[in-house]
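Be aware that the sequence shown starts at 922, since it is given in my numbering, and climbs by one per residue.
Cβ atoms here follow ideal geometry from the backbone N, Cα and C, with glycine treated the same way.
Let me begin by presenting the structure, written as structure tokens, before commenting on it.
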Amino acid sequence: MQTVADPTAPLDGGTAVVGLFSDLDGLNEFVSTDAVATEVMEYVLYLPLLRWSETYEIEGALARDWQFSEDRRTVTMQLREDVRWHDGVPTTADDVVFSFDRFRDPALAYADIGSMRFLDSVEKVGPYEVRFRFSRAYANQLADLRRVILPKHLLESIPSAEMESAEFNRKPVGNGPFRFVRWERDQQIVFEANPDFADGRPHLNRVIFRVIPDQTAIETAFLSGEIDVVDRIRYESVESLRRNPAVEIFTREQRGYQYIGWNTRSPFFGSAEERRAMTLAIDRQRIIDALVFGQGKVTAHPMMSLLPFYPNDIKPYPYDPDEARRLLAAAGWKDTDGDGVLDRNGIPFDFELVTNLGNQLREDTLVMVQSDLAKIGVVARPEVREWSVFLDDIKGKRFDADHLAWQTDFIYDPYDLFHSAAIEGKYNMTSFSDSRVDSLIDAGTRAETVEEAAPIWHDLLAVLHEEQPYTILFELLYSSGASRRIRNVDVDVRSFLVSVSDWWIAPKDRKYDR
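Written out as structure tokens, the structure reads:
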């Protein structure tokens, strides 16, 4: 008797090619700050300790179970015993303790070290059991443990201060569904299926991330079949691609927001009135309509609007250039010499508005902001800088105003961005300081549950709305595309790679031998 194979059943084999607009900055959680690299690490190369579920709740990955102490200041966690590094060495409690000790080492300058500020110690209880001790119980304890774990046996010998130059960053050894094969700088990164992955072999033989540093070229390659998956399609291309029967388009909300940060040490943005005037003078809906074809929304707060406690009752400031002029006049900015530019004490309101090279949307946004501010007598000079120079300048506070975006998490912890104690850190780049904000952040991070924290965050966001250290421009919609050759592609706000282990290609649709 013969049986017919189920044509919808996943089959192993084949290669998927994913397009990238730029190369990654590394694949080492200790030092990488690249948002796409973070997604590759979490879903392709490594098995993190914990991760977000599809309902945005914490679930185990490397960790299989955990228990809180009665006072919730201690978490004891049991690890899976079937996870191995790609060189065959088991992933154990030693790796977890090593990783968190390094995360907390000031010499490492870990990008998210602020989330470790309440973690007092991490200790090995047994080969596959660890204990985390906190100085206090708070709502985000488990979320702050949601990290990629690194191999102690390969990285222990490298001092924290030298980690940024470690060879491991571009020749990583993970413990996830795909293992690293090779990295051709600015060209491609190749991964192959890990046949020994604890959750079962992924269906694809290989995933290749190919760098095509031009948005038009990457879409051409997508349509020609040179690449199979692309993230963040140009807004003007989304609808035409959606009509193409050979591809599928997935649209999701941005996990974050686009903003302009006002350096409060600048002579132009030291007061809340001056910063509010900037927000009132910028026609944000016009930018959305002109640059992203309406695929975004004006928002008010430095918080992802998907969060259940987002304060919808505090509305975005309207476009009101007359009120902006009034606020600036009250702050002493007037056109005393009749040249069309506001001035105060002989200083014209003329500042640099900087962003990074290579992001056309940001560059175009600067031009539109420049036009809006000119209408109220303010000169904003767009300045586009190479990424590394730009980062050095904004982290060194050498700017008047900057345009960037934050990718946020499914928790809220604004300490690094707005607490005065974080001014000397990496992320309070506006040097913002306000005693009310400090007190509310401290209170919010002491809350033991999300429900207890929610009204505190509401009060905090009301103060930040008044103070406007950031002008929140908008949240975007992001669109990803996948060839219909690739089955089981699923995309959500977590990542365009969230289902990569489940992707598969029918034999008749495979383009590569491997």
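Runs of alpha helix (DSSP H) with 4 or more residues, each lying fully within the region 960 to 1027, are found at 1014 to 1024, listed in chain order. Look at the region 1021 to 1088 and you find these whole runs of alpha helix (DSSP H), each 4 residues long or longer: 1073 to 1076.
Rounded to the nearest whole angstrom, the CA to CA distance from Tyr1399 to Glu1174 is 6 Å.
For Glu991, the closest of Lys1073, Ser943, Arg1038 and Arg1057 by C-alpha to C-alpha distance is Arg1057. In the DSSP assignment, Ile1181 falls within the unbroken beta strand (DSSP E) covering Gly1177 to Trp1183.
Around the beta-carbon of Phe989, fewer than 16 other beta-carbon atoms lie within 10 Å, marking it exposed. A straight-line Cα-Cα distance of about 14 Å links Arg993 and Thr1366. With a cutoff of 8 Å on beta-carbon distance, Asn949 and Phe1039 are scored as not near each other. His1324 is bridged by DSSP to Ile1181. With a beta-carbon spacing of about 19 Å, Ala1119 and Trp1424 fall beyond the 8 Å limit used to define contacts. Residue burial annotation: Asn1266 is exposed, with fewer than 16 other C-beta atoms found within 10 angstroms of its C-beta. Separation of Phe1130 and Leu941 (C-alpha to C-alpha, rounded to the nearest whole angstrom) is 6 Å. Burial is judged here by how many other beta carbons sit within 10 angstroms of a residue's own beta carbon; Thr1013 has at least 16 and is buried.
When Cβ pairs closer than 8 Å are counted between the two stretches, the region 1122 to 1142 is seen not to touch the region 1363 to 1377, the count staying below three.
Nearest neighbour of Tyr1238 by Cα position, chosen from Tyr1391, Thr1329, Lys1347 and Ala1250, turns out to be Tyr1391.
Secondary structure at Tyr1391: strand, using DSSP grouped into helix, strand and coil.
In the assembly as shown, Pro1072 is a buried residue. Its beta-carbon has 16 or more other beta-carbons within 10 Å. In the structure shown, Thr1172 adopts extended strand secondary structure according to DSSP, grouped into three states.
For the options Gly1009, Val939 and Val1018, the alpha carbon positioned closest to that of Gln1108 is the one of Val939. Three or more beta-carbon pairs separated by less than 8 Å are not found between the region 1307 to 1320 and the region 1355 to 1364, which leaves the two stretches without contact. In the DSSP assignment, the residues bridged to Thr1276 are Val1305.
Within a 10 Å sphere around the beta-carbon of Ala1245 sit 16 or more other beta-carbons, which makes this residue buried. Distance from the CA of Gly1317 to the CA of Met1350, rounded to the nearest whole angstrom, comes to 8 Å. Annotation: the region 1334 to 1381 contains no complete segment of the beta strand (DSSP E) (minimum length 3 residues). Closest in alpha carbon position to Pro1269, among Leu1282, Glu1284, Ser1292 and Val1300, is Val1300. Counting of Cβ neighbours within 10 angstroms places Ala1326 among the buried residues, the total reaching 16 or more. Non-local C-beta neighbours of Ala1198 in its own chain, meaning closer than 7 Å and more than five positions away in sequence, comprise Ala1245, Leu1248 and Leu1249, ordered along the chain. Of the candidates Glu1373, Leu932 and Val1111, the residue whose Cα lies closest to the Cα of Phe1230 is Glu1373. Using a C-beta cut-off of 8 Å, the region 958 to 966 makes contact with the region 1402 to 1422, since at least three inter-stretch Cβ pairs fall below that distance. Out of Val1414, Asp1430 and Ala1403, the CA that lies nearest to the CA of Pro1166 is found in Ala1403. Annotation: Glu1157 is outside any alpha helix (DSSP H) and is labelled neither H nor E by DSSP. By the neighbour-count definition (other C-beta atoms within 10 Å, threshold 16), Glu1195 is a buried residue. If the five residues before and after Asp1323 are omitted, its C-beta is found closer than 6 Å to the C-beta atoms of Gly1182, Val1275 and Ile1315, all from its own chain and listed in chain order. Per DSSP, the beta-bridge partners of Pro1269 are Asp1264. Separation of the CB atoms of Leu1382 and Pro1232 is rounded to 5 Å, and the pair is thereby assigned contact status at 8 Å. Beta-bridge partners of Leu941 (DSSP): Val1132.
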